[in-house]
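Numbering (my numbering), first residue to last: 53 to 632. Please read the structure below before turning to the comments.
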Amino acid sequence: MLRKRTNRALRLGRRPIPAGDKPGEALRPQANAAVACGWGRLIAGHTFANPADIAQALIAEQPGQRDIAFYLDKPHVVVAQAPHQLFVDPSEAYRLNLSSYRPSKAARRGFTIRRLRTRADIAAINALYRSRRMVPVDPAHLWASRADRQLIYALAEDVATGEIVGVAMGLDHAEAFADPDGGSSLWALAVAPQAGCPGIGEGLTRYLAEHFQARGRAYMDISVLHDNRSAIALYEKLGFQNIQVFAVKRRNAINEPLFVEPASGADDGLNPYARIIVDEARRRGIMVEVIDAENGYFRLTFSGRSVVCRESLSELTSAVAMSRCADKRVTLRLLADAGLHVPEQVLAGTAEDNQAFLRRHGAVVVKPVDGEQGKGIAVNLTSSEEVEAAVVAAGKFGDRVVLEQFCRGEDLRIVVINHKVVAAAIRRPATVVGDGESTVGQLIDKQSRRRAAATGGESRIPVDGETRRCLAGHGYRLDDVLPHGQSLVVRNTANLHTGGTIHDVTGQLHPSLRTAAEMASRVLDIPVTGLDFLVPAVDGEKYVIIEANERPGLANHEPQPTAQRFVDLLFPRTRTEDSP
Numbered sequence: 053m054l055r056k057r058t059n060r061a062l063r064l065g066r067r068p069i070p071a072g073d074k075p076g077e078a079l080r081p082q083a084n085a086a087v088a089c090g091w092g093r094l095i096a097g098h099t100f101a102n103p104a105d106i107a108q109a110l111i112a113e114q115p116g117q118r119d120i121a122f123y124l125d126k127p128h129v130v131v132a133q134a135p136h137q138l139f140v141d142p143s144e145a146y147r148l149n150l151s152s153y154r155p156s157k158a159a160r161r162g163f164t165i166r167r168l169r170t171r172a173d174i175a176a177i178n179a180l181y182r183s184r185r186m187v188p189v190d191p192a193h194l195w196a197s198r199a200d201r202q203l204i205y206a207l208a209e210d211v212a213t214g215e216i217v218g219v220a221m222g223l224d225h226a227e228a229f230a231d232p233d234g235g236s237s238l239w240a241l242a243v244a245p246q247a248g249c250p251g252i253g254e255g256l257t258r259y260l261a262e263h264f265q266a267r268g269r270a271y272m273d274i275s276v277l278h279d280n281r282s283a284i285a286l287y288e289k290l291g292f293q294n295i296q297v298f299a300v301k302r303r304n305a306i307n308e309p310l311f312v313e314p315a316s317g318a319d320d321g322l323n324p325y326a327r328i329i330v331d332e333a334r335r336r337g338i339m340v341e342v343i344d345a346e347n348g349y350f351r352l353t354f355s356g357r358s359v360v361c362r363e364s365l366s367e368l369t370s371a372v373a374m375s376r377c378a379d380k381r382v383t384l385r386l387l388a389d390a391g392l393h394v395p396e397q398v399l400a401g402t403a404e405d406n407q408a409f410l411r412r413h414g415a416v417v418v419k420p421v422d423g424e425q426g427k428g429i430a431v432n433l434t435s436s437e438e439v440e441a442a443v444v445a446a447g448k449f450g451d452r453v454v455l456e457q458f459c460r461g462e463d464l465r466i467v468v469i470n471h472k473v474v475a476a477a478i479r480r481p482a483t484v485v486g487d488g489e490s491t492v493g494q495l496i497d498k499q500s501r502r503r504a505a506a507t508g509g510e511s512r513i514p515v516d517g518e519t520r521r522c523l524a525g526h527g528y529r530l531d532d533v534l535p536h537g538q539s540l541v542v543r544n545t546a547n548l549h550t551g552g553t554i555h556d557v558t559g560q561l562h563p564s565l566r567t568a569a570e571m572a573s574r575v576l577d578i579p580v581t582g583l584d585f586l587v588p589a590v591d592g593e594k595y596v597i598i599e600a601n602e603r604p605g606l607a608n609h610e611p612q613p614t615a616q617r618f619v620d621l622l623f624p625r626t627r628t629e630d631s632p
């Protein structure tokens with residue numbers, strides 16, 4: 053097989069890559085090549101003469117890793133060596149001919165691309181991979197191989213925040229296993245679901261293509277799931293062409309969705325907040341019965357015990373605890389009585405009463421007493437006219453409306469399960485980045501589509517009175533063109549359902565904030581809650597608590613183990629090894 057591949061390269065007019073020490077000596081391809089990539093091994097199937105050896109290499113996969121045998125022209129023969137342990141990966145392979153590839157002249161907007169530099173970069177890569185439910189890399193392996201020429205990790209960094217919002221790994225085949233064809237490949241491409249900049253996936257792909265083109269490589273290959281239409285459309289736009297090579301993987305828990313039929317068609321309508329819990333329950337052998345997929349209701353049963361849930365709201369949350377959280381006035385009064393810091397709040401009254409409250413605080417927030425998902429909330433109102441208009445708008449989402457002291461600070465959501473902090477994240481309002489051509493309205497539409505795609509349709513930016521008021525406060529209208537590279541906040545609230553983004557800060561949380569959150573959950577006597585804080589800094593002591601959510605979206609806080617801790621609460625006997 054090796055001779056066949058080398059001869060084909062010569063027929064295509066490609067010269068073998070020089071060996072290095074002896075001029076004119078042809079590169080000797082490595083036999084039975086398996087390259088460690090951090091998340092698993094790439095097993096170069098075309099370097100194996102015997103299909104049984106490929107199968108044995110896959111069976112030797114290490115726990116927690118995801119090996120891939122690629123470049124197989126007869127995958128069924130490999131699977132036949134161990135049919136109960138292997139399967140044909142349902143992916144398509146695409147190739148970019150680097151001799152004809154032309155770099156893009158368009159500038160990147162809002163992000164830069166660079167190579168791996170620090171250990172903090174590796175932590176950011178793993179956080180990103182976990183958020184996309186991908187296999188994390190081995191930090192020790194990646195750090196030790198950071199200067200190797202065979203592996204290239206490219207990172208996309210948000211210019212405004214410094215966050216890592218995308219990553220891709222490139223593999224130089226000539227360096228990795230002395231490939232006589234002079235090829236390369238791209239693997240493990242991931243873009244952060246909260247990324248606000250367009251074109252990150254394309255930018256990473258082009259970066260690696262241009263890197264390998266500069267090295268004189270002949271092509272760059274990728275493998276993509278057959279139903280990932282958006283990724284395939286991107287690759288085809290860049291000039292990739294489908295090639296008939298295949299991959300084989302091992303049957304393991306990581307790959308299970310690729311070779312096991314979905315448990316039930318009833319799951320199809322579940323949103324991400326219900327699905328993350330259902331998936332965790334099934335992983336532990338807990339029986340799942342979907343009662344109402346559209347509204348997120350399901351029943352979990354294990355060892356004779358059954359619990360009905362609506363997403364993260366379960367029968368363990370009492371009606372009293374739920375009512376305390378549903379009524380924002382009751383929530384703050386109970387927390388204040390316990391000595392926790394909360395903003396002043398009153399029911400909306402006459403225009404004169406509302407104006408007196410506004411004069412006392414200078415700026416206020418208007419919200420429905422029983423609202424959720426950010427509906428009807430108006431923030432940082434400074435005039436009586438704004439307040440009265442917001443009261444009318446909030447009244448459409450509930451019979452009672454409150455005025456609340458406006459407090460500046462970062463919007464911090466802390467998830468508490470069984471009275472222990474499990475996750476903390478900063479929520480930022482919807483923001484668009486100008487390209488110098490599109491109107492603000494067009495940018496909002498594009499960003500809204502990206503947020504919807506990243507969250508299963510749960511996050512969109514509404515174009516309503518609150519959006520227009522926010523834009524007006526920055527001196528913009530929907531039909532204005534935003535200058536290239538300029539960021540513009542288009543909502544004053546950071547709610548995820550209205551296009552906000554979430555950024556994990558669990559490891560940075562100050563002990564005082566952790567203590568306040570756990571104390572608040574005990575005061576409200578609620579087993580699962582999402583507490584909304586406003587803080588000057590997540591690593592500081594100052595805070596105010598503005599709300600308690602009785603049904604927090606656990607999927608928003610990956611990679612923190614929110615679903616694991618929730619199932620631990622419901623079924624302690626199934627507790628995982630990493631549980632506290």
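Ideal placement from N, C-alpha and C gives every residue a C-beta, glycine not left out. None of the values given here were measured: they were computed from a predicted structure.
What does DSSP give as the partner residue(s) for residue 221 in the beta ladder? In the DSSP assignment, the residues bridged to residue 221 are 205, 239.
Residue 302 in three-state terms, based on DSSP: Residue 302 falls in the strand class under three-state DSSP.
Count Cβ pairs between the stretch 232-242 and the stretch 260-277 that sit closer than 8 Å; are there 3 or more? yes
Can you tell me which of the three DSSP states residue 555 falls into? strand
Burial state of residue 151 (16 or more Cβ within 10 Å): exposed
Contact under 8 Å by Cβ, residue 484 with residue 523: no
Which runs of the alpha helix (DSSP H) spanning at least 4 residues fall entirely within the stretch 516-588, listed in chain order? 517-525, 563-576
Are the beta-carbon atoms of residue 322 and residue 621 separated by less than 8 Å? no
Beta-carbon proximity list for residue 53, same chain, < 7 Å, skipping 5 on both sides: The predicted model places residue 53 with a pLDDT of 38, which falls under 50 and marks its position as unreliable; any figure quoted below should be read in that light. 98, 101, listed in sequence order.
Identify every run of the beta strand (DSSP E) within the stretch 306-393, keeping only runs that are complete inside it and at least 3 residues long; order them along the chain. 339-344, 349-354, 357-362
Span of the beta strand (DSSP E) around residue 130: Premise fails: residue 130 lies in the alpha helix (DSSP H), 127-132, not in any beta strand (DSSP E).
Alpha helix (DSSP H) containing residue 469: first to last residue? Unbroken run through residue 469 is the beta strand (DSSP E), 462-469; no alpha helix (DSSP H).
Beta-ladder partner(s) of residue 144, from DSSP: 276, per the DSSP bridge assignment.
Option nearest residue 268 by Cα separation, candidates 291, 226, 302: 226
Using CA coordinates, which residue listed in 255, 105, 548 is at the minimum distance from residue 286? 255
Could you pull out every unbroken beta strand (DSSP E) segment of at least 3 residues lying fully inside the stretch 134-196, listed in chain order? Counting whole runs of 3 or more residues, the stretch 134-196 contains the beta strand (DSSP E) stretches 138-140, 143-149, 163-167.
Please classify residue 605: is it buried, with 16 or more other beta-carbons within 10 angstroms of its beta-carbon, or exposed? buried
Could you check what DSSP says for residue 599 in three-state terms: helix, strand or coil? strand
Assign residue 289 to buried or exposed, taking buried as 16 or more other Cβ atoms, counted over all protein chains shown, within 10 Å of its Cβ. exposed
Reducing DSSP to helix, strand and coil, say where residue 114 ends up. coil
Exposed or buried, what is residue 159 when buried is set at 16 or more other beta-carbons lying within 10 Å of its beta-carbon? Its Cβ having fewer than 16 others within 10 Å, residue 159 is exposed.
Run of the beta strand (DSSP E) containing residue 456, from where it starts to where it stops: 453-457
Do residue 597 and residue 394 come within 8 Å of each other at the CB atom, strictly closer than that value? Note that the C-beta distance between residue 394 and residue 597 is below 8 Å.
Residues near residue 272 in its chain [Cβ-Cβ closer than 7 Å; skip 5 each side]: 148, 150, 236, 237, 238, 260, 261, 264
Measure the alpha-carbon distance for residue 451 versus residue 545 and round it to whole angstroms. 21 Å
CB contact flag (residue 373, residue 120, <8 Å): no
As assigned by DSSP and simplified to three states, the class of residue 292: coil
Check residue 82 in the structure and name its three-state DSSP category. coil
Taking only three categories from DSSP, how would you classify residue 492? helix
Going by C-alpha distance, which of 111, 168, 405, 566 is nearest residue 439? 405
Return the first residue and the last residue of the beta strand (DSSP E) that residue 433 is part of. 430-433
So, are the CB atoms of residue 319 and residue 300 less than 8 Å apart? no
Cβ contact (3+ pairs, closer than 8 Å) linking the stretch 569-578 and the stretch 321-341: No, the stretch 569-578 does not touch the stretch 321-341.
To the nearest angstrom, how far is it from the Cα of residue 128 to the Cα of residue 105? 14 Å
Whole-Å CB distance - residue 96 paired with residue 229, under 8 Å assumed: Residue 96 to residue 229, Cβ: 5 Å. Contact.
Own chain, CB closer than 7 Å to residue 591, minus 5 neighbours either side, in chain order: Taken in chain order, the residues that qualify are 560, 562.
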